[in-house]
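Working notes, structure below.
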Amino acid sequence: MTGDRQKIEVKHLTKRYGEVTAVSDLTFTVEPGVVTGFLGPNGAGKTTTMRMLTGLVSPTSGTATIGGRPYAQLRRPSRTVGAVFDANACHPGHTARDHLRVYAAMGGYPDGRVTELLDLLDLAGAADRRTRGFSTGMRQRLNLATALLGDPRVLLLDEPGNGLDPDGVRWLRGFLRRLAGEGRTVLISSHVLSELQQLVEDVVVIRRGELVAAGPWSRLAGPPSVLVHSPDADRLAAVLRDHRPDGDAPRVDAAASGRPDGHAARVEAAAGSRTDGDAPRVDALGGGRLRVHGLGAPEVADLAAAHRLRVHELVTERADLEQRFLELTKELTNELTDELTDDTGIAA
Amino acid sequence: MRHLVKAEIRRLLATRVWTGLLLAATLLGGGLMGAMALVGPEHFDPPMPGLDTEAGVRSILGILGYTAFVPAAAGTLAVTSEYRHGTAAVTFLFAPRRWQVLAAKLATYGGAGLAFGLVLAGTAAAALFGVAAARGVPLGLPAGTVLGLLARIGLAMVGYLLIGVGVGALLRSQVTALCAVIGYLYLGEPLLMMIPGVNTLYPVLPGGAMAALTGFTYLADAVSQELGSTAVRLLPPAAGALLLTGYALAAAAIAVVLPMRRDVT
Numbered sequence: 103m104t105g106d107r108q109k110i111e112v113k114h115l116t117k118r119y120g121e122v123t124a125v126s127d128l129t130f131t132v133e134p135g136v137v138t139g140f141l142g143p144n145g146a147g148k149t150t151t152m153r154m155l156t157g158l159v160s161p162t163s164g165t166a167t168i169g170g171r172p173y174a175q176l177r178r179p180s181r182t183v184g185a186v187f188d189a190n191a192c193h194p195g196h197t198a199r200d201h202l203r204v205y206a207a208m209g210g211y212p213d214g215r216v217t218e219l220l221d222l223l224d225l226a227g228a229a230d231r232r233t234r235g236f237s238t239g240m241r242q243r244l245n246l247a248t249a250l251l252g253d254p255r256v257l258l259l260d261e262p263g264n265g266l267d268p269d270g271v272r273w274l275r276g277f278l279r280r281l282a283g284e285g286r287t288v289l290i291s292s293h294v295l296s297e298l299q300q301l302v303e304d305v306v307v308i309r310r311g312e313l314v315a316a317g318p319w320s321r322l323a324g325p326p327s328v329l330v331h332s333p334d335a336d337r338l339a340a341v342l343r344d345h346r347p348d349g350d351a352p353r354v355d356a357a358a359s360g361r362p363d364g365h366a367a368r369v370e371a372a373a374g375s376r377t378d379g380d381a382p383r384v385d386a387l388g389g390g391r392l393r394v395h396g397l398g399a400p401e402v403a404d405l406a407a408a409h410r411l412r413v414h415e416l417v418t419e420r421a422d423l424e425q426r427f428l429e430l431t432k433e434l435t436n437e438l439t440d441e442l443t444d445d446t447g448i449a450a
Numbered sequence: 004m005r006h007l008v009k010a011e012i013r014r015l016l017a018t019r020v021w022t023g024l025l026l027a028a029t030l031l032g033g034g035l036m037g038a039m040a041l042v043g044p045e046h047f048d049p050p051m052p053g054l055d056t057e058a059g060v061r062s063i064l065g066i067l068g069y070t071a072f073v074p075a076a077a078g079t080l081a082v083t084s085e086y087r088h089g090t091a092a093v094t095f096l097f098a099p100r101r102w103q104v105l106a107a108k109l110a111t112y113g114g115a116g117l118a119f120g121l122v123l124a125g126t127a128a129a130a131l132f133g134v135a136a137a138r139g140v141p142l143g144l145p146a147g148t149v150l151g152l153l154a155r156i157g158l159a160m161v162g163y164l165l166i167g168v169g170v171g172a173l174l175r176s177q178v179t180a181l182c183a184v185i186g187y188l189y190l191g192e193p194l195l196m197m198i199p200g201v202n203t204l205y206p207v208l209p210g211g212a213m214a215a216l217t218g219f220t221y222l223a224d225a226v227s228q229e230l231g232s233t234a235v236r237l238l239p240p241a242a243g244a245l246l247l248t249g250y251a252l253a254a255a256a257i258a259v260v261l262p263m264r265r266d267v268t
């Protein structure tokens, strides 16, 4: 099993609780080898989806598979999937070691693995303390240790950053990146989008139980913008607006995202991206500052020099995940969602 | 399955429930029985037959049977604490075939119930014989019969613990399940005995089956006399044992079957 690359496939997944539809016809794929962020406002259906993936909640219809199999049919599930859905899932009367020993026995793992994980998750000093005295961050790490007992190829984490201090968040980021680098499949949901921005390569965005967008973040975010500070801002804005790129304008594509497999071609929603030949968009921010969309910093600098306009500062800014997320979840109409997904075929 | 039982044993031994259960068995067996024998049933209020009569011995053994709510509550705690502390989801992630988890719990807690019953019966026997000898009161039943009755009570505790596991799996909410188990066994059944008409059901309820094991009719008779209702007729001991086993098996079946299809949220 070790070394397997396990893909998560969700197809037409629907969950209804009486009249309420928590998840509606959801279809997406999570690839191994990258960290995928699962985004959506509160109540969007992220947790329900993750619980359906692991068989804790039965879908009304549709399928969710890991490595091609439903969770319940995995031969030794904790070897394949490690999941943390509730940071506080531990008996207050158990010590950290007791907790891990229970699940080590359940999964058939030696006690040595418990010690390893206590060390790895920096819990060795608190191993023999009852968990009722643990901080949320310590419980979070204990549950992560539990999920890692079987050294699983797939990791599902619901809000893993909750309760972690900045050091803990940095550690988690590096840790998850390393796991993904080993070819594992990592799906994490979080409402702290700034945490995810520096971590995820792919995103799945849902709203009201429906897919809004899925694919590499680099493509979803669209091309970066350029922030210019110039005493000649007005004239520079006019020059930039009149410029017509020749089609070689910098774009973030499959090659740029470092994904040689053409993964970016599967981008399922890229609302807002420009097509070649469009005029650059220039927003005047006041105080001599401009934000330029559709041109790279070298082109802006060259154009300014060609027109003998002064530039005091030039900064390339990548799209902000939080901003993009808000746009996607608030502004996209259902029609646009349908159109986008129909175009790419991710949600049939 | 072997892994699951090992995990459940570790889970049980890691909490204070286990120590509490053994302590309760000792206090209820040795402590309660010792205190009752020391005071003497004839000094109870209202007075009961003395230890030198068969009815007196059966009565204090029967009262011991009323402590069955303790192992039942422990069984309920075992299952509901998994839901209360959110570990049920973790457990079912490790073992998606949920019936196996509950079967492992039943096996583990069946063992714990047996240990509870043995300690309860053992300490009760020691206290009863010790205090009776110290007071110089000859018991109204031969020692062999007393030990046999205590063994029945001890074994019945296993059944009650499994009933607790079943109720826990059925209700899942810890407070609700504990209230239901303790409330019903401790208060509900004795109250049912007082309701004319309904009291005819008493012999086939778990408490009636337990009373049948020891032939403990004193309480039921006293209630009937007080209310002028028809005397409750308990089942024969063997039928009581069979009925209690039936309740335990039904509870075990509920525990195993119910969690299969329910969502764990």
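Respectively, the protein sequence lines represent chains X and Z.
All residue numbers for the first sequence refer to my numbering, where the first residue is 103 and numbers rise by one.
All residue numbers for the second sequence refer to my numbering, where the first residue is 4 and numbers rise by one.
We put the beta carbon where it would ideally sit given N, CA and C, even for glycine.
Predicted model, so just to flag it, every value in this text is computed and none were measured.
Limits of the alpha helix (DSSP H) - the one that residue i falls within
i             : result
residue 11/Z  : 5-17
residue 296/X : 295-299
residue 233/X : Note, residue 233/X: premise wrong, no alpha helix (DSSP H); not H, not E.
residue 427/X : 423-428
residue 304/X : Premise fails: residue 304/X lies in the beta strand (DSSP E), 304-309, not in any alpha helix (DSSP H).
residue 179/X : 179-182
residue 139/X : Here residue 139/X belongs to no alpha helix (DSSP H); instead the beta strand (DSSP E) covers 137-141.
residue 227/Z : 221-230
residue 316/X : Segment 312-318 is the beta strand (DSSP E) holding residue 316/X; no alpha helix (DSSP H) there.
residue 327/X : It is not in any alpha helix (DSSP H) - residue 327/X instead sits in the beta strand (DSSP E) that spans 327-331.
residue 111/Z : 101-138
residue 199/X : 198-209
residue 198/Z : Element bounds for residue 198/Z: n/a, residue is neither H nor E.
residue 212/X : Run containing residue 212/X: none; DSSP gives neither H nor E here.
Beta strand (DSSP E) segment containing residue i, residue limits
i             : result
residue 414/X : From DSSP, residue 414/X is part of no beta strand (DSSP E); its letter is neither H nor E.
residue 260/X : 256-260
residue 174/Z : No beta strand (DSSP E) contains residue 174/Z, which is instead part of the alpha helix (DSSP H) from 146-174.
residue 395/X : 391-395
residue 130/X : 122-132
residue 275/X : It is not in any beta strand (DSSP E) - residue 275/X instead sits in the alpha helix (DSSP H) that spans 268-283.
residue 291/X : 287-291
Sheet register partners of residue i (DSSP bridge)
i             : result
residue 113/X : 165/X
residue 46/Z  : Note: residue 46/Z sits in no beta bridge, so no partner.
residue 388/X : 391/X
residue 419/X : 327/X
residue 383/X : 395/X
residue 185/X : 258/X
8 Å contact criterion, which residue i and residue j should meet: CB distance rounded
i             : j             : result
residue 13/Z  : residue 204/X : 5 Å
residue 168/X : residue 302/X : Actually they do not touch by this definition, with Cβ atoms about 19 Å apart.
residue 255/Z : residue 238/Z : Contact flag wrong, Cβ pair sits at about 21 Å.
residue 184/Z : residue 76/Z  : 6 Å
residue 268/Z : residue 180/Z : The pair is not a contact, with the Cβ atoms about 18 Å apart (cut-off 8 Å).
residue 99/Z  : residue 174/X : 4 Å
residue 251/X : residue 201/X : Actually they do not touch by this definition, with Cβ atoms about 11 Å apart.
residue 291/X : residue 152/X : 7 Å
residue 254/X : residue 182/X : 6 Å
residue 278/X : residue 288/X : 5 Å
residue 147/X : residue 308/X : 6 Å
residue 174/Z : residue 149/Z : Not a contact, Cβ separation roughly 37 Å.
residue 166/X : residue 115/X : 6 Å
Contact test: residue i Cβ vs the ligand HEM heavy atom, cutoff 6 Å
i             : result
residue 175/X : What this structure holds is no ligand at all, so the ligand HEM is not there to describe.
**OP:** Report yes or no: do three or more beta-carbon pairs, one from the segment 116-126 of chain Z and one from the segment 8-28 of chain Z, lie closer than 8 Å?
**Re:** yes
Original post:
Which of the residues in the segment 79-100 of chain Z, read from start to end, lie with their CB under 8 Å from any CB of chain X?
Top reply: Listed by position along the chain: 84, 88, 89, 90, 92, 93, 94, 95, 96, 97, 98, 99 and 100.
Original post:
Taking one C-beta from the segment 81-92 of chain Z and one from the segment 193-207 of chain X each time, how about it: are there three or more such pairs within less than 8 Å?
Top reply: Contact holds: three or more Cβ-Cβ distances are below 8 Å.
Original post:
Taking Cβ-Cβ distances below 9 Å as the criterion, which residues of the segment 10-30 of chain Z are in contact with chain X?
Top reply: 10, 11, 12, 13, 14, 16, 17, 18, 19 and 20
Original post:
When Cβ atoms are compared, which residues of the segment 152-163 of chain X fall closer than 8 Å to chain Z?
Top reply: 153, 156, 157, 158, 159 and 160
Original post:
Would you say the segment 237-254 of chain Z touches the segment 149-168 of chain Z, given that touching needs at least three Cβ pairs under 8 Å?
Top reply: yes
Subject >> Touching by the beta-carbon criterion (3+ pairs, under 8 Å), the segment 254-268 of chain X and the segment 177-190 of chain X >> reply: yes
Original post:
Going along the chain, which residues of the segment 168-188 of chain X sit with their C-beta nearer than 8 Å to a C-beta in chain Z?
Top reply: 173, 174, 176, 179, 180, 183, 185, 187 and 188
Original post:
What residues in the segment 158-180 of chain Z have a beta carbon less than 7 Å from any beta carbon of chain X?
Top reply: none
Original post:
Does the pairing of the segment 156-163 of chain X with the segment 112-127 of chain X give three or more beta-carbon distances under 8 Å?
Top reply: yes
Original post:
At a cut of 8 Å, does the segment 406-419 of chain X reach the segment 328-345 of chain X through at least three beta carbon pairs?
Top reply: yes
**OP:** Evaluate contact between the segment 413-421 of chain X and the segment 319-333 of chain X, counting only Cβ atoms and requiring at least three cross-stretch pairs below 8 Å.
**Re:** yes
Subject >> the segment 165-177 of chain Z / the segment 216-232 of chain Z touching (three or more Cβ pairs under 8 Å) >> reply: no
**OP:** Would you list, in chain order, the members of the segment 199-229 of chain X that have their beta-carbon closer than 7 Å to a beta-carbon of chain Z?
**Re:** Contact annotation: in the segment 199-229 of chain X, residues whose CB is within less than 7 Å of a CB in chain Z are 200, 203, 204, 205, 207, 208, 209 and 210.
**OP:** Note down, in chain order, all residues in the segment 247-267 of chain Z with a beta-carbon under 8 Å from any beta-carbon belonging to chain X.
**Re:** 264, 266 and 267
**OP:** Compile a chain-ordered list of the residues in the segment 233-254 of chain X whose CB is closer than 7 Å to at least one CB of chain Z.
**Re:** 248
**OP:** Decide if the segment 137-145 of chain Z is in contact with the segment 53-67 of chain Z; the criterion is three or more beta carbon pairs, one per stretch, under 8 Å apart.
**Re:** yes
Subject >> Contacting positions in the segment 185-208 of chain Z - beta carbon closer than 8 Å to chain X >> reply: none
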